Amino acid sequence: MRLTVESGLHQKIVSSRLIHIFGAGLDPEKPAHKAVHELSARGWAVAPIHPRDAGSTINGFPIRPSLDEGLTPEIVVLFLAPERARGVVRNLIINQDAESFPLVWFQHGAEDEDAIAALEEMGADYVIDDCIVVNSNTNDLCCNESILPQKWCLQTASEDGDGCSVWTVHSSDSEGEVRITSELEWVGSLDDLSKSEHTIPRYIRSLKQNNESLLELANRLAN
């Protein structure tokens, strides 16, 4: 159903800890890029999604190429053309359980009638005719339980061309932005690493030793 302030929109926003932003790439003039800065400044962990710019960072947060299978987003914000927004919603409907289905936020210009009709039919929450950044700033909304700073991991192909991979661990509060110069193999937060069904996170988890935390494992592989 369409979620409004009267039906609990603000409570949903402030109680969420992570916001996935589809369309957030490296172009600093794009609203999606600016949204990463604005929302993270208010305490939310942000997961930018942009296939072309994946592996690089915006304000310390890694850009993913897509939403990995196995991950359960809380809020999905769409800075996309309507037909691309429709594709994202279709994939969410296929891969997400109805009980934990995310709030889908159509930014201005992303609204797609077919996608909205599908969300209505399944009773999923969505927002139209509103901007999450403007709404948060105007109403002074902040994340109630911030998980920042956030650890994240990156695996790229070796620049030597020897077929090896390079695994590194980063933090969202690190100084300087990451720009990769070799092929991206996987990128995601520590929480993504624990839940993703992508081949690389599954393999990394298989290397975990007894009494070793996931962060300890990630750091060990990076050394």
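In this text, residue positions in the sequence shown follow our numbering: the first is 1, and each later residue adds one. By construction, the Cβ of each residue, glycine as well, lies at the ideal position given by its N, Cα and C atoms. Owing to the predicted nature of the structure, the values given are computational and were not obtained by experimental measurement.
Please report the Cβ distance between residue i and residue j, rounded to the nearest whole angstrom; I am assuming they are in contact, meaning their Cβ atoms lie under 8 Å.
{"i": "residue 33", "j": "residue 58", "result": "6 Å"}
{"i": "residue 158", "j": "residue 196", "result": "Not quite, the Cβ-Cβ distance comes to about 22 Å (not below 8 Å), so this is no contact."}
{"i": "residue 105", "j": "residue 147", "result": "About 20 Å separates the two Cβ atoms, so there is no contact after all."}
{"i": "residue 214", "j": "residue 208", "result": "7 Å"}
{"i": "residue 172", "j": "residue 60", "result": "4 Å"}
{"i": "residue 192", "j": "residue 68", "result": "6 Å"}
{"i": "residue 109", "j": "residue 153", "result": "Their Cβ separation, rounded to whole angstroms, is 33 Å, which puts residue 109 and residue 153 out of contact at 8 Å."}
Between the C-alpha atoms of residue i and residue j, what's the straight-line distance to the nearest angstrom?
{"i": "residue 73", "j": "residue 18", "result": "7 Å"}
{"i": "residue 150", "j": "residue 16", "result": "15 Å"}
{"i": "residue 190", "j": "residue 62", "result": "12 Å"}
{"i": "residue 9", "j": "residue 3", "result": "6 Å"}
{"i": "residue 81", "j": "residue 70", "result": "25 Å"}
{"i": "residue 198", "j": "residue 136", "result": "33 Å"}
{"i": "residue 31", "j": "residue 14", "result": "21 Å"}
{"i": "residue 222", "j": "residue 202", "result": "17 Å"}
{"i": "residue 164", "j": "residue 118", "result": "44 Å"}
{"i": "residue 130", "j": "residue 35", "result": "14 Å"}
{"i": "residue 121", "j": "residue 7", "result": "18 Å"}
{"i": "residue 160", "j": "residue 206", "result": "26 Å"}
Are the beta-carbon atoms of residue i and residue j separated by less than 8 Å?
{"i": "residue 55", "j": "residue 142", "result": "no"}
{"i": "residue 103", "j": "residue 75", "result": "yes"}
{"i": "residue 51", "j": "residue 65", "result": "yes"}
{"i": "residue 145", "j": "residue 112", "result": "no"}
{"i": "residue 155", "j": "residue 94", "result": "no"}
{"i": "residue 1", "j": "residue 125", "result": "yes"}
{"i": "residue 115", "j": "residue 85", "result": "yes"}
{"i": "residue 123", "j": "residue 78", "result": "no"}
{"i": "residue 219", "j": "residue 166", "result": "no"}
Can you look up residue i in the DSSP assignment and give me helix, strand or coil?
{"i": "residue 10", "result": "helix"}
{"i": "residue 5", "result": "coil"}
{"i": "residue 37", "result": "helix"}
{"i": "residue 124", "result": "coil"}
{"i": "residue 169", "result": "strand"}
Query raised in the report: In chain order, which continuous runs of the beta strand (DSSP E) of length 3 or greater are located wholly inside the segment 84-115?
Result: 103-106
**Report entry** Segments assigned beta strand (DSSP E), at least 3 residues, entirely inside the segment 44-87
**Finding:** 45-49, 75-78
Requested in this report: Ignoring anything shorter than 4 residues or poking outside the segment 140-166, list the alpha helix (DSSP H) runs there in chain order.
Outcome: none
Report task. Would you mind listing the beta strand (DSSP E) stretches within the segment 172-214 that are 3+ residues and don't spill past its ends, in chain order? Result -> 184-189
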